[in-house]
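Residue 1 is where the sequence shown starts when you use full-length UniProt numbering, and the numbers rise one by one after that. Think of the CB as a built atom: it goes at the ideal place given N, C-alpha and C, for glycine as much as any other residue. Keep in mind that this is a model prediction, so the values were computed, not measured. Step one of this worksheet: look at the structure below.
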Amino acid sequence: MFTRKPKVKAEAATEAEPGTTTEGEAPAESTPAAKKPRRKFRPRTPRPVGQDPVGEPSQNMLFVANLGFGIDDAGLSALFTEAGINVVSARIVRRRYGRPRKSKGYGFVDVGDEAEQKKAIEALQGKDVGGRTIAVKVAVNTPAEDTQDEATPAEATPADTTPADTTATPAA
């Protein structure tokens with residue numbers, strides 16, 4: 001039948017001390033089998049039900065919810081163009097895992113300006129698409145979360161403060 005060849009490089013790397021190299025070989029850490037450390041995933045804290053998202057309303061993006069799971073980016077774009085809305089871009093949000101990556105049932109559409117936003121909301125809010133009533137809202141630009149570790153050193157630097165900085169001026 002079939003026999004495998006012995007792995008010469010792997011055996012040489014395990015016999016040598018960590019961090020040392022043998023003649024003509026790269027260090028053991030840079031071998032293709034070495035895995036990169038995964039970035040730590042930290043999910044967002046859930047927002048209470050019924051509360052509006054925190055952030056500034058977008059000037060040109062729309063949030064489209066309750067979409068069918070079979071719709072794709074081109075289908076979302078076609079939905080808006082059939083209603084007479086000028087679409088710059090359309091994107092369905094998909095799951096991170098799985099093959100194929102399935103839709104999460106919502107997406108974002110860039111319509112260009114605020115007039116097109118209002119026109120799209122009036123035309124498509126509550127429309128039945130594939131047996132589902134879609135919701136069209138102005139997207140919200142959420143602020144990036146600053147970690148306390150990064151913010152604290154910049155704020156608490158007593159060496160940078162001068163007597164002139166510590167005097168308070170009355171607010172008008």
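Could you check whether the segment 64 to 77 touches the segment 89 to 99, counting it as contact only if at least three pairs of C-beta atoms, one from each stretch, sit closer than 8 Å? Short answer: they touch.
Does DSSP put residue 105 in a helix, a strand or coil? If DSSP states are grouped into helix, strand and coil, residue 105 belongs with the strands.
Buried or exposed: which applies to residue 49, given that a residue is buried once 16 or more other Cβ atoms fall within 10 Å of its Cβ? Counting other Cβ atoms within 10 Å of its Cβ, residue 49 stays below 16 and is therefore classed as exposed.
From the DSSP output, read off the bridge partner residues of residue 135. Partner(s): 65.
Contacting residues, own chain, Cβ-Cβ under 8 Å from residue 131 (five flanking each side not counted): Cβ contact annotation for residue 131 (same chain, cutoff 8 Å, sequence separation greater than five): 68, in chain order.
Rank 99, 116, 70, 62 by C-alpha distance to the C-alpha of residue 108 and give the top, closest one. Nearest neighbour of residue 108 by Cα position, chosen from 99, 116, 70, 62, turns out to be 62.
Could you tell me the distance, in whole angstroms, from the CA atom of residue 39 to the CA atom of residue 84? Between the alpha carbons of residue 39 and residue 84 lies a distance of about 43 Å.
Classify residue 82 as buried or exposed, calling it buried when 16 or more other Cβ atoms lie within 10 Å of its own Cβ. Burial call: exposed.
Residue 3 to residue 47, Cα distance in whole Å? When the Cα atoms are used, residue 3 and residue 47 turn out to be separated by approximately 58 Å.
Three-state secondary structure (DSSP) of residue 125: Residue 125: coil per DSSP, three-state reduction.
With DSSP as the reference, identify every bridge partner of residue 90, one or two as the case may be. DSSP lists 109 as partners of residue 90.
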